[in-house]
Structures are given as structure tokens and as C-alpha cells.
DNA sequence: TATTTTATGAGACTACAGTATCAGTTGCGT
DNA sequence: ACGCAACTGATACTGTAGTCTCATAAAATA
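Residue numbers (the UniProt record's numbering), protein chains in the order written: chain B, 1 to 191; chain R, 1 to 191.
Here's what the structure looks like:
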């Protein structure tokens, strides 16, 4: 039952996000204060914090759930790097072009602003462990096996670099770039 | 000419660092305030900031210069990953066991506390670019070639994971773990 | 329409990082 | 011994994130 209240809340939430990202784009993340965001979104500071407990929460949402799900669904035969590659593929395939470009702005900050990198990193041990467990299941290794961790480290390493290229230049096709990078890793990083 | 003044300054600096890390160990990085550190080191808050412009500066020093130098000195024939592996080897070989264990405490924080990871990351684009240029020189690729970046991403990815294992468990032989991880990457991440 | 529940705004408050000022002290060269 | 330069402490100040309280307004419910 989406009453008026619910709809208003959604609108407020969207206004805050929209104005926040506009200000971030114009002045940068840390140079934008919560007060400015609240003012631009026409809510009080208190209300801002009711919607987003911290400023970081504007940018660090759980974006990797689809990836984890996709990874679980990969065919069992594939090698770990291939499975990760496939997971990224299907995770991106589940998004519309609009969602991808909309998400891109957010990712630019998440990948670029150190505070936000930190915020995301704070959540990353959980992601790494989860991925490690899935890959461990698939291969029969224990999840703390250093080979598994090397696969994860190397994969996320190349993905991060591709992600940065994407963040720096929105003309880059992020998903394709990520796929190519993982393919490169898959084939042994040949030159 | 190490006059009394110089020596005092060194002692003060050491006291600040020592007390800071003791408090970090006991209560964590962000739960430790500059005031507490200053008090423990028996200096004023103002003096603390004279020695370390920001709290982060306690932990984020330029630790990768030796690595870059070592990378430049690698034999020209080696593949990029091998060159990086060799560079880590020689960079660690240049440190005494005491230096390594002393540095370990710092690394634990630098690798574990998100704010510090971020602070280090803030300096990392320069490092990445530098490494990219060196590797590009060695291989003839342009430095922004995505293959070069993949090599860097993958290498630093596995190194980061090894580093984390080291940070979590000081019994781990960090340098050896890093070497093994890069060797694993070198040989195609075989399981 | 009357009552209850919930969102909001206003504003005071805390905590902490980092800055600025200024006076007092201490080592240093003469 | 003396005066200078550097180091220090005390202290007040700024900016910003995040908390708390309470009164008001607006939506839901009966």
C-alpha cells in the first residue's frame, strides 16, 4: 500500500541523493557539507541524517550482491578466474544501460575519493570472504588457501584498474573493459 | 652535528610514534585521539601537530621508494610480473630483520584500518603511474596500455592479499608470502 | 471529524581534527 | 654570560560530522 507517506519518503530520498551528487560533481565530495546537501534538497540537517546515517552512506551501498549471486550461479566446471569473469558478465547483463550510466557517477566517487574508498574497503572483508567461500566450494580448496586468495586478489586487482579507467573516462565501456581485463588475466597476462 | 636539540627532537618524535602505536594497538586507530597520544607522549597537542601535520601521517610514510628503485634495477629480459617479483625480493632484502618486524606493526594498521588504507591510496596513483612507466619502458608498450595496467593490478592485488595475511598474523613470513604469491601469479594462477 | 502515529524542523550539544596566537623556556653561538 | 633563534605549552578558535530533544505539522485511522 504505497500511501502518500511512502511516496513522499521516496521523493525525499531521491532529492537528497540527486542534490548530493550534483554538489559532489560541482565541488567534490569532502568540500560538500551535509548542511549544503540538506539545504539543496530542502530538508533539515536532522532529516538528512534520518535518511542517511552518515554522509558516506550516500555513496557506499551494497553494490556487490548481484555479483555474489551471479558467482554462485556460474557453471561448476569453470576455473576460478573464468567463473569470476562470468559473474561480472551476468551481473552487468542484469542492469539496464540507464542503470549502468546512472551508477557510473556514483562509482566515480566510490573509486576516486579516498574517504569513500575507505568506506567501501570497510565492507570489503565480508565480500572477499564470501567470494573466497564460493570459490573454495567450487574448487575443493579451503577458503583461506592462499591460491584462492591470489585468484581473488589478482582478479579484483585487474577489475579495480579497469574500474579506475572507467571512472576517469566515462566514454570507456566499463563492463567490456572489465571483461577484457579478466580475459587477459585468464590467459596468463600475456603480452 | 647532532646537538642536544636534534637528539631531543628525535626522542620526542620517537615517543610520539611509540605511544601512538601502543594506543592504536590497545584501542584502535580511530578510537585514539590526538589528545591521548600527546598526553601519553608528554607533549602538548600543539607539539604533536608540529611533528605530524595530520594524524594519518603517523602511519602513512613513503614506503615504496625502495621498491621503485629495485624495479628499475631488474634485469631487462624478465617478464613484467617477474620483474615486480624480483623488485619486491630485493626491496625486502635491503631491510634488516629488525626493520621488517618494526615495520610490521605499522603495516598492520596501514593495511587494516580503512582510513589509513585510504590515506595510502591517496598516494598510490603516483606509485601506479611510476610503476607503469617503468614496466612500459621495459616492454615497449605505452604506460596506459591496459595490459600493463592489468599486470600491475593483478600483482598488487595478490601482494595486497598476502600483505593482509601478514597483517592478520605476524607469524606469517610476509616477504616470503609475497614472493610465493607473485610466483603463483607468474605461473598463471594454477590450482 | 477526532485521535493517534509518524515525519519533520529548529536548534542546542558533543567530539574531534586541525589552526592560530602568544608568551615562556631552553639550547646554541658568540 | 648574553642575546638570538628555535622549540614548546596554553588556550582559544574554527569547521564539520553526528546526536538529542522537543514542539509542530501532516498523514493515517477510526
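The beta carbon of each residue, even a glycine, is placed where N, CA and C say it ideally should be.
query: Supposed contact pair residue 80(B) and residue 138(B) - C-beta distance, whole angstroms, cut 8 Å; result: 7 Å
query: Under the three-state DSSP convention, the category residue 144(B) falls into; result: coil
query: Residue burial classification, residue 91(R) (beta-carbon count within 10 angstroms, cutoff 16); result: buried
query: Beta-carbon neighbours of residue 139(R), restricted to chain B and to distances below 7 Å; result: 191
query: CB contact below 7 Å: residue 194(R) versus chain B; result: Absent from the model: residue 194(R). The displayed extent of chain R is 1 to 191, so no value can be given.
query: Any chain R beta carbon closer than 7 Å to residue 181(B); result: yes
query: Residue-level contact to chain R via CB, residue 114(B), 7 Å cutoff; result: yes
query: Burial state of residue 53(B), where buried means 16 or more other Cβ atoms lie within 10 Å; result: exposed
query: Segment contact flag, the region 131-150 of chain R with the region 158-175 of chain B, C-beta cutoff 8 Å, min 3 pairs; result: yes
query: Of the listed residues 56(B), 28(B) and 20(B), nearest to residue 40(B) (C-alpha basis); result: 20(B)
query: DSSP state of residue 194(R) mapped onto helix, strand, coil; result: Here chain R has residues from 1 to 191 only, and residue 194(R) is not among them.
query: Residues of the region 95-113 of chain B with Cβ closer than 9 Å to any Cβ of chain R, in chain order; result: 113
query: Check whether residue 68(R) and residue 110(R) have beta carbons under 7 Å apart; result: no
query: For residue 71(R) and residue 134(R), believed in contact at Cβ under 8 Å, the rounded distance; result: 5 Å
query: Residue 121(R) vs residue 114(B) beta-carbon contact at 7 Å; result: yes
query: DSSP three-state assignment for residue 187(B), whether helix, strand or coil; result: coil
query: Where the alpha helix (DSSP H) containing residue 82(B) begins and where it ends; result: 80-93
query: Within chain B, the residues that residue 147(R) reaches when beta carbons sit closer than 7 Å; result: 184 and 191
query: Contact with chain R by residue 122(B), beta-carbon distance below 7 Å; result: yes
query: Environment of residue 184(R) [buried if 16+ CB atoms lie within 10 Å]; result: buried
query: Residue nearest to residue 77(R) in terms of C-alpha spacing, selected from 36(R), 24(R) and 140(R); result: 140(R)
query: Separation of residue 108(B) from residue 102(B), as counted between CA atoms; result: 11 Å
query: Inter-residue spacing [alpha-carbon to alpha-carbon] between residue 127(B) and residue 66(B); result: 12 Å
query: Range of the contiguous alpha helix (DSSP H) that encloses residue 70(B); result: 65-72
query: Sub-7 Å separation of residue 143(B) and residue 154(B) beta-carbons; result: no
query: Residues of the region 148-162 of chain B whose Cβ lies closer than 8 Å to any Cβ of chain R, in chain order; result: 149, 150, 151, 152, 153, 154, 155, 156, 157, 158, 159, 160, 161 and 162
query: Residues that residue 59(R) contacts on chain B, provided the C-beta gap is smaller than 9 Å; result: Within chain B, no residue comes near residue 59(R); the closest Cβ sits about 13 Å away, beyond 9 Å.
query: Nonlocal neighbours in the same chain, by C-beta distance under 6 Å from residue 84(R), ignoring five residues either side; result: 155
query: Residues near residue 24(R) in its chain [Cβ-Cβ closer than 7 Å; skip 5 each side]; result: 32 and 109
query: Distance, residue 14(B) Cα to residue 64(B) Cα; result: 21 Å
query: Which listed residue (157(R), 176(R) and 170(R)) has its alpha carbon closest to that of residue 105(R); result: 170(R)
query: The alpha helix (DSSP H) enclosing residue 125(R), as first and last residue numbers; result: 114-139
query: Alpha-carbon to alpha-carbon, residue 88(R) and residue 175(R); result: 8 Å
query: Contact set for residue 191(B): own chain, Cβ-Cβ below 8 Å, skip 5 residues either direction; result: none
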